[in-house]
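When we follow full-length UniProt numbering, the leftmost residue of the sequence shown carries the number 1, and every step to the right adds one. For each residue, glycine too, the CB sits at the ideal point set by N, CA and C.
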Amino acid sequence: MIQYALPILYVVFLWWFSTGAIIYLDGLPRRTYRWSMWGATILGAVALYALAVTAHDPSLLAIYIAFTSAIVLWGWVEMSFLMGFLTGSRRDRCPEGAKGWPRFWYAVQAISYHELLLLGFFLAILGITWGGSNLVGLYTFLILWVMRTSTKLNVFFGVRNLNEEWLPDHLRYLESYFRKRPMNVFFPVSVTLAMAVAVLLVQSALASGASLQHTAGMTFLAMLMLLAILEHWFLVLPLPSQALWNWALRSRIPEDAEFVPIYPRYQAANDPDKTQAPGPHPLPNRPA
Numbered sequence: 001m002i003q004y005a006l007p008i009l010y011v012v013f014l015w016w017f018s019t020g021a022i023i024y025l026d027g028l029p030r031r032t033y034r035w036s037m038w039g040a041t042i043l044g045a046v047a048l049y050a051l052a053v054t055a056h057d058p059s060l061l062a063i064y065i066a067f068t069s070a071i072v073l074w075g076w077v078e079m080s081f082l083m084g085f086l087t088g089s090r091r092d093r094c095p096e097g098a099k100g101w102p103r104f105w106y107a108v109q110a111i112s113y114h115e116l117l118l119l120g121f122f123l124a125i126l127g128i129t130w131g132g133s134n135l136v137g138l139y140t141f142l143i144l145w146v147m148r149t150s151t152k153l154n155v156f157f158g159v160r161n162l163n164e165e166w167l168p169d170h171l172r173y174l175e176s177y178f179r180k181r182p183m184n185v186f187f188p189v190s191v192t193l194a195m196a197v198a199v200l201l202v203q204s205a206l207a208s209g210a211s212l213q214h215t216a217g218m219t220f221l222a223m224l225m226l227l228a229i230l231e232h233w234f235l236v237l238p239l240p241s242q243a244l245w246n247w248a249l250r251s252r253i254p255e256d257a258e259f260v261p262i263y264p265r266y267q268a269a270n271d272p273d274k275t276q277a278p279g280p281h282p283l284p285n286r287p288a
C-alpha cells in the first residue's frame, strides 16, 4: 500500500500548500507582486528545464520531479492572472443587460490573455516532452487546464458558491461575469465526465503487474483529478471549504486588526455565545 499512500499524500499536500502559498502572496501589498513574480519566474524556468530533462527518464524520482514541475508552472500562470499581470483584453465589468452569446464573449475577453498563456504553456510542455517516456508532467498540466476551464464555465453558468470574496480588489470587475444559482445544467455533465476519467486513471494505477513508476504516475494523476472533482462539489455544496486555507489569509489582515476566520457562521452554529462576525478583507481567487 505504500506505493499508493506516498503519492496520494504528496498530491494532497502539494495541492493544499501551493494553493495557500498563492493566496498568501496575492494577499500581500501590490508593491510585492513584482518580486513574487520574479521568484515564480525563476522557479518556472527551472521547472521547464526539469520537464525537458525528465521527459526521457522513467525513474520514480523523475516521475515526482515531472509532476512537481507541472504544478510549479501552473502556479506561475495563476499568479500572473491573480496579480493582474496577464488577464484579458477586457478589464471592465460586463455591460448591463448582456445575455447569451454576447455575455459569453465578454467573459472570454476578460480572461483572453490568461487563456492564451495556458495554451502556450501546454504547447511548450508538449514540445519539450514529445516522444518521451515520462509524460506525467504533460498530463498533470492538461488535467489542471481542463478542470479549471470546467470550473470557469460552471461559475459563468451559475453555482451556489462563487467565492467572489476571494477576488482581489483589482479583479473585482470579474464578479459581473459570475452567476449565482443552486445548480446549472453543465455541472452534472462536467462532474460525470471527470469521474469517468478518474475511474480510468484509478484502474490504471491499480493494474496488477504495473511497475512502481507507472503506479506512482497514475496515482498522481488520479488523485489530482479527484481533488479537482472535489473542488467542483465545493461550488455547489454548503461546505466551509475556504477554511482549509485560513492560514494563508493573514497576509490580507493589517497587523493591528483582529483575524476573523472566513467561516464564522459555522463557528456560531457550534458556539451559541459567539455571534457571526463579518469576514475579512476580500481574498484572492485560488487555483483549482
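| Query | Result |
| --- | --- |
| C-beta atoms of V136 and F220 nearer than 8 Å | yes |
| Alpha helix (DSSP H) segments (min. 4 residues) lying fully within the segment 141–176 | none |
| 8 Å Cβ cutoff met for R172 and V236 | no |
| Ranges of the alpha helix (DSSP H) found wholly within the segment 59–102, counting only runs of at least 4 | 60–82 |
| Neighbourhood of S190 by C-beta, 6 Å cutoff - its chain only, sequence neighbours within 5 removed | S150 |
| Stretch pair the segment 91–108 + the segment 60–75: three plus CB contacts closer than 8 Å | no |
| Cα-Cα separation between L204 and A216, rounded to whole angstroms | Here the sequence assigns Ser to residue 204, which means Leu is not the residue at that position. In a straight line, the C-alpha of S204 is about 10 Å away from that of A216. |
| Segment contact flag, the segment 153–170 with the segment 192–209, C-beta cutoff 8 Å, min 3 pairs | no |
| Meets three-Cβ-pair contact criterion under 8 Å: the segment 47–65 and the segment 144–158 | no |
| H114 classed as buried or exposed, judged by whether at least 16 other C-beta atoms fall within 10 angstroms | buried |
| Selected residue, minimal CA-CA separation from F156, among L116, V202, D26, Y106 | Y106 |
| Contacting residues, own chain, Cβ-Cβ under 8 Å from F141 (five flanking each side not counted) | A70, L73, W74, F121, F122, I125 |
| Delimiting residues of the alpha helix (DSSP H) encompassing Q242 | No alpha helix (DSSP H) holds Q242; DSSP gives it neither H nor E. |
| With 16 other Cβ atoms within 10 Å as the buried cut-off, status of S80 | buried |
| Residue burial classification, Y49 (beta-carbon count within 10 angstroms, cutoff 16) | exposed |
| Range of the contiguous alpha helix (DSSP H) that encloses H214 | 212–234 |
| For Q267, the three-state DSSP class (helix, strand or coil) | Confidence in Q267 is poor, its pLDDT being 46 and thus under 50, which makes the residue's placement unreliable; the coordinate value appears in the next sentence. Correct three-state label for Q267: helix. |
| Given L223 as reference, the closest of I8, H56, G158 once Cα atoms are compared | This sequence places Met at residue 223; Leu is not what is there. Closest by alpha carbon: I8. |
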